[in-house]
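**Student:** First the structure, then my questions, so here it is.
Protein chains: 2
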Amino acid sequence: MATIHQVAKQAGVSVATVSRVLNGQNSVTAKTRIKVEDAIKKLNYEPSLLGRNLRNSESRLLLVLIPNISNPFYSEIINGIENTAIELDYNILLCETDTNAERENIYFDLVRKKMADGIISMDPAVNTDTLIRLAENHAIIQCSEYAVDSGIPYVTIDNAEAAYRAVKYLIKIGHQQIALINSDKKYLYARQRQLGYQKALEESNMELEDSLIVHTQGLDFSYGQQAMKKIFMQKERPTAVFAVSDMLAIGALKEIHNQGLKVPEDIAIIGFDKIAFSNMTHPTLTTISQPMYEMGEAAADMLVKKIQGEEVESLILDHELVIRESTLG
Amino acid sequence: MATIHQVAKQAGVSVATVSRVLNGQNSVTAKTRIKVEDAIKKLNYEPSLLGRNLRNSESRLLLVLIPNISNPFYSEIINGIENTAIELDYNILLCETDTNAERENIYFDLVRKKMADGIISMDPAVNTDTLIRLAENHAIIQCSEYAVDSGIPYVTIDNAEAAYRAVKYLIKIGHQQIALINSDKKYLYARQRQLGYQKALEESNMELEDSLIVHTQGLDFSYGQQAMKKIFMQKERPTAVFAVSDMLAIGALKEIHNQGLKVPEDIAIIGFDKIAFSNMTHPTLTTISQPMYEMGEAAADMLVKKIQGEEVESLILDHELVIRESTLG
DNA sequence: ATGAAAGCGCTAACAT
DNA sequence: ATGTTAGCGCTTTCAT
Numbered sequence: 001m002a003t004i005h006q007v008a009k010q011a012g013v014s015v016a017t018v019s020r021v022l023n024g025q026n027s028v029t030a031k032t033r034i035k036v037e038d039a040i041k042k043l044n045y046e047p048s049l050l051g052r053n054l055r056n057s058e059s060r061l062l063l064v065l066i067p068n069i070s071n072p073f074y075s076e077i078i079n080g081i082e083n084t085a086i087e088l089d090y091n092i093l094l095c096e097t098d099t100n101a102e103r104e105n106i107y108f109d110l111v112r113k114k115m116a117d118g119i120i121s122m123d124p125a126v127n128t129d130t131l132i133r134l135a136e137n138h139a140i141i142q143c144s145e146y147a148v149d150s151g152i153p154y155v156t157i158d159n160a161e162a163a164y165r166a167v168k169y170l171i172k173i174g175h176q177q178i179a180l181i182n183s184d185k186k187y188l189y190a191r192q193r194q195l196g197y198q199k200a201l202e203e204s205n206m207e208l209e210d211s212l213i214v215h216t217q218g219l220d221f222s223y224g225q226q227a228m229k230k231i232f233m234q235k236e237r238p239t240a241v242f243a244v245s246d247m248l249a250i251g252a253l254k255e256i257h258n259q260g261l262k263v264p265e266d267i268a269i270i271g272f273d274k275i276a277f278s279n280m281t282h283p284t285l286t287t288i289s290q291p292m293y294e295m296g297e298a299a300a301d302m303l304v305k306k307i308q309g310e311e312v313e314s315l316i317l318d319h320e321l322v323i324r325e326s327t328l329g
Numbered sequence: 001m002a003t004i005h006q007v008a009k010q011a012g013v014s015v016a017t018v019s020r021v022l023n024g025q026n027s028v029t030a031k032t033r034i035k036v037e038d039a040i041k042k043l044n045y046e047p048s049l050l051g052r053n054l055r056n057s058e059s060r061l062l063l064v065l066i067p068n069i070s071n072p073f074y075s076e077i078i079n080g081i082e083n084t085a086i087e088l089d090y091n092i093l094l095c096e097t098d099t100n101a102e103r104e105n106i107y108f109d110l111v112r113k114k115m116a117d118g119i120i121s122m123d124p125a126v127n128t129d130t131l132i133r134l135a136e137n138h139a140i141i142q143c144s145e146y147a148v149d150s151g152i153p154y155v156t157i158d159n160a161e162a163a164y165r166a167v168k169y170l171i172k173i174g175h176q177q178i179a180l181i182n183s184d185k186k187y188l189y190a191r192q193r194q195l196g197y198q199k200a201l202e203e204s205n206m207e208l209e210d211s212l213i214v215h216t217q218g219l220d221f222s223y224g225q226q227a228m229k230k231i232f233m234q235k236e237r238p239t240a241v242f243a244v245s246d247m248l249a250i251g252a253l254k255e256i257h258n259q260g261l262k263v264p265e266d267i268a269i270i271g272f273d274k275i276a277f278s279n280m281t282h283p284t285l286t287t288i289s290q291p292m293y294e295m296g297e298a299a300a301d302m303l304v305k306k307i308q309g310e311e312v313e314s315l316i317l318d319h320e321l322v323i324r325e326s327t328l329g
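Residue numbers (full-length UniProt numbering), protein chains in the order written: chain A, 1 to 329; chain B, 1 to 329.
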């Protein structure tokens, strides 16, 4: 492993000149440049990022915090983040918190200790206080879930409006008993989507029945299935279900099938996110499309700007109701 | 941002002593230790990993190479890798190649330039020559897909045997016309699984019909769906389908439904991987279970050992045939 | 037990 | 256009 010194010696120039060639500065004669390039080739030299990063006080690493990599919703966002990061000559450090504060802290240490230049947090369960304190000295962006009035820039969608539209649509096609499968109320998006659900019901003078609202402990399929079981235990069966994520909706769909019922004939169902799977279920799932890839792109862009000291504005991107088979008929 | 010098000054000791306290060396008096710890607290000092890493010539980062983060098969493996890495005080740099050589090279540069201490490659499309050359100077482990006789340690399963068992089972329950939805033959696992398929047919004196073997260009649902369409265009319809991944199987299932046929009554179907979603389809999918989490753990363990200069042996883990509804009846 | 000092590999300010 | 040199923040050898 050659160092810049050996290259300098081999080329018969100073390390400064080698550095200049390395960084594409134009104050180097073509002749010298060639000499240096030859030496680099001959020695098979690769500049060490450890040295460069220490000198530049940067790591060019972005920390991406997600609760769970197995959730396809995050995969798509990460896609967007990574492509943008590469474009800007950054790389991403993927960190799964499993909604575990201790784990989270290990990752936060990475930025405290300068091993990461900034954070994109997508963990709804993140400790907001810690995050805000961290944001005083470090570049942080929130993606999807965010802390209101924290001063931390975020990129998200209008959750209340999206849920409102979904439920409004169910009402429009004739549903009067609409269940809600929501995640834990401690999450902002869960509260926002519930607000949209309630607003739609109220506007149509439909009663809000607590027995039709189920909160889950997690976002895996299994939680959706459990939630649907719970709904089936009520005296009156709803004619439609709105789930706040496709994963939950797909679990619910499974349970509806298990009960020998048909979607959408017996029960209609709407999900949220438009993950790839949602088009492979039978029937295909009506859902709210979130621009996941774009959210990732935007978050990465914003974070790098923030790292470079620019001010950045929060972003609310558009969503869309995608009507498919699970609400047809 | 305090440095070790400021801490030393504040505590009235030398930087060496601070470093000793930081690294838990016991050659420090309790009294001095307290002084240093107080100074650290007072100055809110966090040791810079940039400095430490340069000094130690390591990054404590593991590069994880995957073709596509959206494939749940990889998510589970990454889970195992990350948990093990954290345990060993490493972090992971997640890199999606999109089966793109240029992109791949950007990531390889990260280890060439010392920003990563080693690589776990899960990309079946990785350039084997490049990888082997890189392995001369760097720690590399392959996971799932591997290069035969390359000298690069790997962790995988017995693909031929797994496919053999799946097809054997289909034959046992009475199927005589079994289609194979395979991915591109350029991948080792694809060739191995096809070998298992062929062996099972041969053992039962069943003819190998080229028209029943379809190769896909990718692993998304859509490719499985397309493949199934192709199979339906043949004169005789198979009574069973073996797909080399759950994603493909789920796409095929979709197309079978679209044709108005029933699974398993009209066509049985077996997938591969046992991704979470394979239990949410209707009917649930019979599949080969790969120990994905364990593969990730093993790969990370092996890589860190390799980084530390130990010799490591390749590993072939157990698989299992999981019989569910899609082959019942 | 503690300190002084060298050096990991690089960049950039300053000098020529 | 090129070289000299300081220094980024840390660890560790060698003295004491």
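Using N, Cα and C, we set each Cβ at its ideal position, and we do this for glycine too. If you're wondering where the values come from, they're calculated on a predicted model, not measured in any experiment.
Report buried or exposed for Ser-14/B, applying the criterion of at least 16 other Cβ atoms within 10 angstroms of its Cβ.
**Tutor:** Here residue 14/B corresponds to residue number 14 of the second sequence, with the count starting at 1. Label assigned to Ser-14/B: exposed.
**Student:** Check for me: the alpha helix (DSSP H) holding Leu-328/B runs from which residue to which?
**Tutor:** For the purposes of this step, residue 328/B is taken as residue 328 along the second sequence, with counting starting at 1. That residue, Leu-328/B, is in no alpha helix (DSSP H); it is neither H nor E in DSSP.
**Student:** Along the chain, where does the beta strand (DSSP E) that runs through Gln-142/B open and close?
**Tutor:** Start at 1 with the first residue of the second sequence, and residue 142/B comes out as number 142. Segment 139-143, the beta strand (DSSP E) holding Gln-142/B.
**Student:** I need the boundaries of the beta strand (DSSP E) containing Asp-273/B, first residue and last residue.
**Tutor:** Start at 1 with the first residue of the second sequence, and residue 273/B comes out as number 273. Its beta strand (DSSP E) spans residues 268-273.
**Student:** For a quick check, are the C-beta atoms of Phe-272/A and Val-167/A less than 7 Å apart?
**Tutor:** If you number the first sequence from 1, residue 272/A lands on position 272. If you number the first sequence from 1, residue 167/A lands on position 167. No, they are not a contact pair.
**Student:** Along chain B, in chain order, which residues have C-beta atoms closer than 7 Å to that of Arg-112/A?
**Tutor:** Against the first sequence, residue 112/A aligns to sequence position 112. The answer, in chain order, is Glu-46.
**Student:** Taking buried to mean at least 16 other C-beta atoms within 10 Å of its own C-beta, is Leu-212/B buried or exposed?
**Tutor:** Numbered from 1 along the second sequence, position 212 holds the residue referred to as residue 212/B. Leu-212/B is buried by the Cβ-count criterion.
**Student:** Taking C-beta pairs closer than 8 Å, name the residues in chain B that Asn-79/A reaches, listed in chain order.
**Tutor:** Along the first sequence, read from residue 1 onward, the residue named residue 79/A stands at position 79. Ordered by position in chain B, the residues that pass the 8 Å Cβ test against Asn-79/A are Ile-69, Ser-70, Glu-96.
**Student:** Determine whether the beta carbon atoms of Val-64/B and Ile-106/B lie at a separation below 7 Å.
**Tutor:** Working through the second sequence from its first residue, we reach residue 64/B at position 64. Working through the second sequence from its first residue, we reach residue 106/B at position 106. Against a cut-off of 7 Å, the Cβ pair of Ile-106/B and Val-64/B comes out as no contact.
**Student:** Jot down the residue ranges of each uninterrupted alpha helix (DSSP H) in the segment 184-210 of chain B, minimum 4 residues, whole runs only, in chain order.
**Tutor:** Counting only runs of 4 or more, we get 188-203.
**Student:** List the endpoints of the continuous alpha helix (DSSP H) containing Pro-56/A.
**Tutor:** For the purposes of this step, residue 56/A is taken as residue 56 along the first sequence, with counting starting at 1. Looking at the sequence shown, residue 56/A is not Pro but Asn. Note, Asn-56/A: alpha helix (DSSP H), 49-56.
**Student:** Using beta-carbon positions only, say whether Tyr-90/A and Arg-60/A come within less than 7 Å of one another.
**Tutor:** By one-based count along the first sequence, residue 90/A stands at place 90. By one-based count along the first sequence, residue 60/A stands at place 60. Yes. Within cutoff.
**Student:** Going by DSSP, name the residue or residues bridged to Ile-288/B.
**Tutor:** Reading the second sequence from its first residue, position 288 is the one you call residue 288/B. Ile-288/B pairs with Phe-272/B, Leu-321/B.
**Student:** In chain order, what residues of the segment 288-310 of chain B put their CB closer than 7 Å to some CB of chain A?
**Tutor:** Under the 7 Å Cβ criterion, the segment 288-310 of chain B contributes no residue.
**Student:** Would you say Met-115/A lies against chain B (beta-carbon separation less than 7 Å)?
**Tutor:** The residue labelled residue 115/A in the question sits at position 115 within the first sequence. Chain B contact via Cβ: present.
**Student:** What ranges does the alpha helix (DSSP H) occupy inside the segment 69-119 of chain B, keeping only unbroken runs of at least 4 residues that lie completely in it?
**Tutor:** Whole alpha helix (DSSP H) segments, 4+ residues: 72-87, 101-112.
**Student:** Considering only C-alpha positions, which residue in the set Lys-41/A, Val-214/A, Gln-194/A, Glu-76/A is nearest to Met-122/A?
**Tutor:** Reading the first sequence from its first residue, position 122 is the one you call residue 122/A. The shortest C-alpha separation from Met-122/A is found at Glu-76/A.
**Student:** Does any residue of chain A have a CB that is nearer than 7 Å to the CB of His-319/B?
**Tutor:** Residue mapping note: residue 319/B aligns to position 319 of the second sequence, counting from 1. Judged by the 7 Å Cβ criterion, His-319/B is not in contact with chain A.
**Student:** Pick out whichever of Asp-149/B, Glu-82/B, Glu-102/B, Asp-98/B has its Cα sitting closest to the Cα of Ile-120/B.
**Tutor:** Position 120 of the second sequence, counted from the first residue, corresponds to residue 120/B. Nearest C-alpha to Ile-120/B: Glu-82/B.
**Student:** Judging by CA-CA distance, which residue of Ile-323/B, Glu-311/B, Ala-300/B is the nearest neighbour of Asn-79/B?
**Tutor:** To locate residue 79/B, count along the second sequence from 1; it is residue 79. With distances taken between Cα atoms, Asn-79/B lies closest to Ala-300/B.
**Student:** Can you look up residue 332/A in the DSSP assignment and give me helix, strand or coil?
**Tutor:** Outside the modelled stretch of chain A, which goes from 1 to 329, sits residue 332/A, for which no answer is possible.
**Student:** Tell me whether Gln-25/A is buried or exposed, calling it buried when 16 or more other Cβ atoms sit within 10 Å of its Cβ.
**Tutor:** As a position in the first sequence, residue 25/A is number 25, starting the count at 1. It is exposed - the Cβ of Gln-25/A has fewer than 16 other Cβ atoms within 10 Å.
**Student:** Along the chain, where does the beta strand (DSSP E) containing Tyr-169/B start, and where does it finish?
**Tutor:** On the second sequence, position 169 is the one that residue 169/B refers to. That residue, Tyr-169/B, is in no beta strand (DSSP E); its alpha helix (DSSP H) goes 159-172.
**Student:** With DSSP as the reference, label Val-21/B as helix, strand or coil.
**Tutor:** Numbered from its first residue, the second sequence carries residue 21/B at position 21. Three-state DSSP puts Val-21/B in a helix.
**Student:** Could you check whether the Cβ of Glu-82/B sits closer than 7 Å to any Cβ belonging to chain A?
**Tutor:** The sequence position of residue 82/B within the second sequence is 82, counting from 1. Taking Cβ atoms only, chain A reaches closer than 7 Å to Glu-82/B, which makes this a yes.
**Student:** Who are the neighbours of Phe-242/A on chain B, taking C-beta pairs under 7 Å?
**Tutor:** The residue given as residue 242/A occupies position 242 in the first sequence. Under the 7 Å cutoff, chain B gives no residues; its nearest Cβ is about 19 Å from Phe-242/A.
**Student:** Are the CB atoms of Ile-157/A and Ile-140/A nearer to each other than 7 Å?
**Tutor:** The residue you call residue 157/A lines up with position 157 of the first sequence. The residue you call residue 140/A lines up with position 140 of the first sequence. It is not a contact, given that the beta carbons lie outside the stated cut-off.
**Student:** Drop a sphere of 10 angstroms on the beta-carbon of His-175/B, count the other beta-carbons inside from all chains shown, and report buried for 16 or more, exposed for fewer.
**Tutor:** As a first step, residue 175/B must be located in the second sequence, where it is residue number 175. The residue is buried, with at least 16 neighbouring Cβ atoms inside 10 Å.
**Student:** Please confirm if Ser-245/B has its CB atom under 7 Å from at least one CB of chain A.
**Tutor:** Walking along the second sequence from the start, residue 245/B turns up at place 245. Not one chain A Cβ lies under 7 Å of Ser-245/B.
**Student:** Does Gly-260/B get closer than 7 Å to chain A when you measure Cβ to Cβ?
**Tutor:** Looking up residue 260/B in the second sequence gives position 260. Judged by the 7 Å Cβ criterion, Gly-260/B is not in contact with chain A.
**Student:** What would DSSP say about Tyr-146/A, mapped onto helix, strand or coil?
**Tutor:** For the purposes of this step, residue 146/A is taken as the residue at position 146 of the first sequence. Residue state, collapsed to three classes: coil.
**Student:** Is the CB-CB distance between Pro-264/A and Ile-178/A below 7 Å?
**Tutor:** In the first sequence, counting from the first residue as 1, residue 264/A sits at position 264. In the first sequence, counting from the first residue as 1, residue 178/A sits at position 178. It is not a contact, given that the beta carbons lie outside the stated cut-off.
**Student:** From what residue to what residue does the alpha helix (DSSP H) around Ile-4/A run?
**Tutor:** The residue you call residue 4/A lines up with position 4 of the first sequence. Element bounds for Ile-4/A: 4-11.
**Student:** Answer yes or no: the CB of Arg-133/B versus the heavy atoms of the ligand SAH, is any distance below 6 Å?
**Tutor:** In the structure shown, the ligand SAH is absent, as is every other ligand, since no ligand is present at all.
**Student:** In chain order, what residues of the same chain lie with their CB nearer than 6 Å to the CB of Glu-297/A, ignoring the 5 residues before and after it?
**Tutor:** Walking along the first sequence from the start, residue 297/A turns up at place 297. Result list for Glu-297/A: Gly-80, Thr-84, in chain order.
**Student:** Using the three-state DSSP reduction, which class does Asn-127/B fall into: helix, strand or coil?
**Tutor:** Taking the second sequence and counting its residues from 1, the one referred to as residue 127/B is at position 127. Coil at Asn-127/B, not helix or strand.
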